[in-house]
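There are 2 protein chains.
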Amino acid sequence: MPEFLTLLPPDEARALLLAHLTAPIADSVTIDSALALGRVTAHDILAPHPLPEFPRSTVDGFAVRAADTFGASDSLPAYLTLIGEIPMGAPAALTIGPAQCASIHTGGMLPVGADAVVMLEYTQIINHGEHKEQISVDSVHSVANPEIEILRPVAAGDGIIAIGEDVTAGQIVIPCGTIIREAEIGGLMALGLTSVDVVRKPRVGLISSGDEVVEPGHPLGAGQVRDVNAYTLSALITRGGGESIRYGIVRDDFSALQTMAQKALTECDAVIISAGSSASTRDMTADVIRSLGAPGVLVHGINTRPGKPTILGAANGRALIGLPGNPVSALVNGYLFLLPVIEKLLGASPRPRATIQARLTINLASQAGREDWWPVKLIPQSSLPLGGGAGGGVYFAEPIFGKSNLIFSLAAADGLLRIPPDATGLSAGEVVEVMLL
Amino acid sequence: MPEFLTLLPPDEARALLLAHLTAPIADSVTIDSALALGRVTAHDILAPHPLPEFPRSTVDGFAVRAADTFGASDSLPAYLTLIGEIPMGAPAALTIGPAQCASIHTGGMLPVGADAVVMLEYTQIINHGEHKEQISVDSVHSVANPEIEILRPVAAGDGIIAIGEDVTAGQIVIPCGTIIREAEIGGLMALGLTSVDVVRKPRVGLISSGDEVVEPGHPLGAGQVRDVNAYTLSALITRGGGESIRYGIVRDDFSALQTMAQKALTECDAVIISAGSSASTRDMTADVIRSLGAPGVLVHGINTRPGKPTILGAANGRALIGLPGNPVSALVNGYLFLLPVIEKLLGASPRPRATIQARLTINLASQAGREDWWPVKLIPQSSLPLGGGAGGGVYFAEPIFGKSNLIFSLAAADGLLRIPPDATGLSAGEVVEVMLL
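Those sequence lines, one after another, are chains A and B.
Quick note on my numbering: the first sequence kicks off at 41 and runs consecutively.
Quick note on my numbering: the second sequence kicks off at 41 and runs consecutively.
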């Protein structure tokens, strides 16, 4: 008799699986910070020194003693003697005394004696006590015996970044478990941390099974199909920050499948068996998972579509997932169950997941208690030029119909629309959330 | 005198830049389809054969002639003689005649004579004309002289995918300019297309300038800072699908900068100069861009914050961008102007950009006409277990304050909140759109 499935809600199923993992992975590797995009920090990163290390001007202007500018206005300027120019990338040789100033560029190091910078826009230069003009920081020194009129008062600290204003020495600047993005790479470089310890990539083994399945590069006989799941899932693992290891195609035979799964389990943090969708191969996959160690099968049957026959299991703290052979089911369930496994193995602090708000074009029925994921095309409601990095805009979500196992129905989709378990459907015109593929 | 900036709206500035590019890149490269994630197809991909290539069962059950099941019901079943089992991965040796059927697994090839498959659930087996039970497709053949009771009628085509139902031979399955995701890789593999022609990665040259800037690995003298922009932008280019080439740090000298920029321009599709933020270095960058060819500087000054002093230019169809030295400005403007350049060079059909809807925690003032991008932290409003691939949920967007040039203010941010040019601010409690970093 085939097993009858007791369907678990997907959130419960996922939580059960995640609870059985030994995570995060304890191994770390040291890599070049410049190449760390997408990796996850293996421990807290502390600032070895403050940033900035010296008080820096944030504007073009004149380094001053703030007290000398108090009360300054257009009608009653403060007059300061210009004693020199601050070089870039080096400390100034000069010291600002009372009623003195020095020209300074954005990023320049504040000279001794000064405690603020007045923006160029609020100054004028007096040439031989007569001609006044606003000039650049560069050309000011061509004027003989220049005096600077200050037209606005500044407070101490104005126009500069103080030492440690970005980060202080010893501060945790990037916590353990952070997914490294452009900004983190920048922060590491700013602190001179040109290498970084990151969590080893989770290794995910991929086993395809099915007597009808052949490698994509091989000639196809009648009744045969090419292995799709090993490649879609491998790409998904890469995208999720893991490393995929392909164990090839195993025939529909318990002992062959068990041998290969056992090997993969010793080499990987998670093993995916993409089996046939028939009840018999599904049951064989469950039996193999049971045979590999405790606790074995945790979930056999999930109340989601596609993906009802998905099997979730664990052995010795490692994930074992049996995905349907149907390439759409396998990939959608990869998103739903495999990506969270990789995230947990990495110990990655979850970042908000980007979605798209869209207006559903038609009614979609669903079954109460079941979570549905529909492939949808997103069609811009307006033709506003949104530009590259500019905001999202509003879309129509148009469900793609067709039998659930057509891989090109997913290739045509921009995302997956979720119908939550407590809904019996969604109505045309409703604003829905779409997870981008 | 320093140049006074005439500020262009960011959308207009971007459109002007993009209009001057020779795009998409004409060169393509042939790569392994398994490694094509994120690459862009260089031409339309046609199906070399239909998918599926043979009629496949989508269920476990019995291959039948649909006409034999017409009118079948629980009370008046149709009786069919079971003549064998369809093997997986090979055509059946048998032919289904009138009143005959054969057991078939999901994915099996429909035998000659059959035109539909009845699901196992709607059948029963008769053992020696007496005992009835529902059994599996596997165990049915252990019964002697079995007859199958069919309890539901099927129409021709039920329970199968027909030849070409996914794609037909010669159909464009992946259009030119498609960003390859997991599903496209799956589609290529399903068709046996193990290699794919993709657009060469756009080469983006990165030049840092500034007498105060040193390589991150070098010891830091007083007044010096480490190069951050070459590394944040390099990571951004990688993420956007380009290839970054670093030309190192050039001193603040027109001819040195021009020589390096000229070299980069001959080797790259786009060149980024990250210069100092002071008016003098900014003006020098503009002069260098002007000297490299027509049309030179297109935009000097953009009505956006951060990024007002950004310079957009082009020479010989290649992009030339001068970014402020301030690492936050440089990276945010990289998102706004460099990513769209890479997208256009790739000829990539834009996919909807994922954003997060969030509720603003405080009032944010802005200047009418200016587009502001605020770093924000996203804080979940609810603690619902959203799971890995599950929908986004609702967040609070909490702006991060601090001077605009602190790289760690961006490292602390989950995304950038846009205040559109036509707004003078946003109110606490408003639902806003956040672009994830």
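C-beta: ideal position from N, C-alpha, C; glycine also.
Which first and last residues belong to the alpha helix (DSSP H) in which residue i is found?
i, result
"isoleucine 447 of chain A", "447–451"
"tyrosine 271 of chain B", "269–280"
"valine 290 of chain B", "No alpha helix (DSSP H) holds valine 290 of chain B; the beta strand (DSSP E) holding it covers 283–290."
"alanine 370 of chain A", "367–373"
"alanine 59 of chain B", "50–59"
"leucine 75 of chain B", "Segment: none, leucine 75 of chain B is in no alpha helix (DSSP H) and carries neither H nor E."
"proline 380 of chain B", "379–386"
Within its chain, find whatever has a CB closer than 8 Å to the CB of residue i; leave out the 5 residues flanking it on each side and keep chain order.
i, result
"leucine 77 of chain A", "Ile220, Arg221, Glu222 and Ile225"
"valine 368 of chain A", "Pro346, Pro415, Ser444, Asn445, Leu446, Ile447, Ser449 and Leu450"
"glycine 431 of chain A", "Because glycine 431 of chain A sits at a pLDDT of 38, beneath the cut-off of 50, its placement in the model cannot be relied upon, and the point is left open."
"glutamate 411 of chain A", "Pro49, Pro50, Asn343, Thr344, Arg345, Arg458, Ile459, Pro460 and Pro461"
"isoleucine 382 of chain B", "Pro242, Val244, Ile277, Gly280, Gly281, Gly282 and Ala310"
"arginine 240 of chain B", "Ile65, Asp67, Ser68 and Val69"
"glutamate 307 of chain B", "Arg243, Gly245 and Ile285"
"glutamate 93 of chain B", "Ile203"
Could you name the residues of chain B that residue i contacts, counting a contact when the two beta carbons are closer than 7 Å?
i, result
"valine 268 of chain A", "Gly226, Met229 and Ala230"
"proline 131 of chain A", "Ala262 and Gly263"
"glycine 217 of chain A", "Those within 7 Å of glycine 217 of chain A in chain B number zero; the least Cβ separation is about 14 Å."
"aspartate 100 of chain A", "Ser318 and Ala319"
"leucine 478 of chain A", "One cannot answer for residue 478 of chain A here, as it falls past the ends of chain A, which runs 41 to 477."
"leucine 77 of chain A", "Ala275, Thr278 and Arg279"
At a cut-off of 8 Å, is residue i close to the ligand HEM when judged by its beta-carbon and the heavy atoms of the ligand?
i, result
"alanine 156 of chain B", "Among the ligands in the structure shown, none appear at all, so the ligand HEM cannot be discussed."
Give every residue of the same chain whose Cβ lies closer than 7 Å to the Cβ of residue i, excluding the five residues on either side of it in the sequence, and list them in chain order.
i, result
"leucine 47 of chain B", "Gly341, Ile342, Asn343 and Lys348"
"glutamine 264 of chain B", "Glu252 and Val254"
"alanine 53 of chain B", "Val339, Ile342 and Leu352"
"serine 235 of chain A", "Thr70, Ile71, Asp72 and Ser73"
"glycine 227 of chain B", "Val213 and Ile214"
"leucine 305 of chain B", "Val311, Leu332, Ala355 and Arg358"
"histidine 258 of chain B", "none"
"isoleucine 188 of chain A", "Phe102, Leu120, Leu122, Cys141, Thr163 and Ile165"
"glutamate 473 of chain B", "Thr395, Gln397 and Arg458"
Quick one: measure Cβ to Cβ for residue i and residue j, integer angstroms, because I've assumed they're closer than 8 Å.
i, j, result
"alanine 540 of chain B", "alanine 130 of chain A", "Limits of chain B in this structure are 41 at one end and 477 at the other, which puts residue 540 of chain B out of reach."
"valine 213 of chain A", "alanine 74 of chain A", "Not a contact, Cβ separation roughly 17 Å."
"glycine 204 of chain A", "alanine 156 of chain A", "Actually they are not in contact, since the Cβ atoms of glycine 204 of chain A and alanine 156 of chain A sit about 17 Å apart, beyond 8 Å."
"proline 215 of chain A", "aspartate 72 of chain A", "Not really, about 21 Å apart at Cβ, beyond 8 Å."
"proline 151 of chain A", "alanine 139 of chain A", "No, proline 151 of chain A and alanine 139 of chain A are not in contact; Cβ-Cβ is about 15 Å, not under 8 Å."
Can you tell me where the beta strand (DSSP E) with residue i in it begins and where it stops?
i, result
"glycine 455 of chain A", "455–459"
"glycine 227 of chain A", "Looking at the DSSP string, glycine 227 of chain A is not in any beta strand (DSSP E); the run it does join, the alpha helix (DSSP H), is 222–230."
"glutamate 438 of chain B", "435–439"
"isoleucine 214 of chain B", "212–214"
"glutamine 397 of chain B", "395–400"
"proline 193 of chain A", "No beta strand (DSSP E) contains proline 193 of chain A, which DSSP labels as neither H nor E."
"aspartate 251 of chain A", "Note, aspartate 251 of chain A: premise wrong, no beta strand (DSSP E); not H, not E."
"lysine 443 of chain B", "Per DSSP, lysine 443 of chain B belongs to no beta strand (DSSP E) and is neither H nor E."
"leucine 47 of chain B", "Premise fails: leucine 47 of chain B is in no beta strand (DSSP E) and is neither H nor E."
"isoleucine 419 of chain B", "411–420"
"aspartate 237 of chain A", "235–239"
"glutamate 473 of chain B", "471–476"
Along chain B, in chain order, which residues have C-beta atoms closer than 8 Å to that of residue i?
i, result
"phenylalanine 94 of chain A", "Ala262 and Gly263"
"histidine 145 of chain A", "Gly316, Ser318, Ser320 and Thr321"
"isoleucine 201 of chain A", "Lys443, Asn445 and Leu446"
Once you ignore the five residues that flank residue i on each side, which residues in its own chain have a CB closer than 6 Å to its CB?
i, result
"phenylalanine 294 of chain A", "Met324"
"leucine 376 of chain B", "none"
"glycine 442 of chain A", "Ser449"
"alanine 82 of chain B", "Ser68, Asp237, Val238 and Val239"
Which chain A residues sit within Cβ distance under 7 Å of residue i?
i, result
"arginine 221 of chain B", "Leu477"
"glutamate 252 of chain B", "Met128, Gly129 and Gly147"
Which residues of chain B have a Cβ atom closer than 9 Å to the Cβ of residue i, listed in chain order?
i, result
"glutamate 205 of chain A", "Gly442, Lys443 and Leu446"
"proline 392 of chain A", "Ile396, Ala398, Leu418, Pro420, Gly432, Gly433, Tyr435, Asp454, Gly455, Val474 and Leu476"
"glycine 365 of chain A", "Thr146 and Gly147"
Listing by chain order, which chain A residues have their CB less than 8 Å from the CB of residue i?
i, result
"threonine 299 of chain B", "In chain order: nothing, as chain A lies at least about 20 Å away."
"threonine 234 of chain B", "Pro256 and Gly257"
"aspartate 292 of chain B", "Met128"
Going along chain A, which residues have a C-beta under 9 Å from residue i?
i, result
"isoleucine 214 of chain B", "Phe448 and Ala451"
Discussion item. Could you tell me which whole beta strand (DSSP E) segments of length 3 or greater appear in the segment 89–172 of chain A?
Written reply: Counting only runs of 3 or more, we get 101–104, 118–125, 140–144, 156–159 and 163–167.
Worksheet entry | Sequence ranges, beta strand (DSSP E) only - wholly within the segment 281–358 of chain A, length at least 3 | 283–290, 310–314, 335–340 and 351–355
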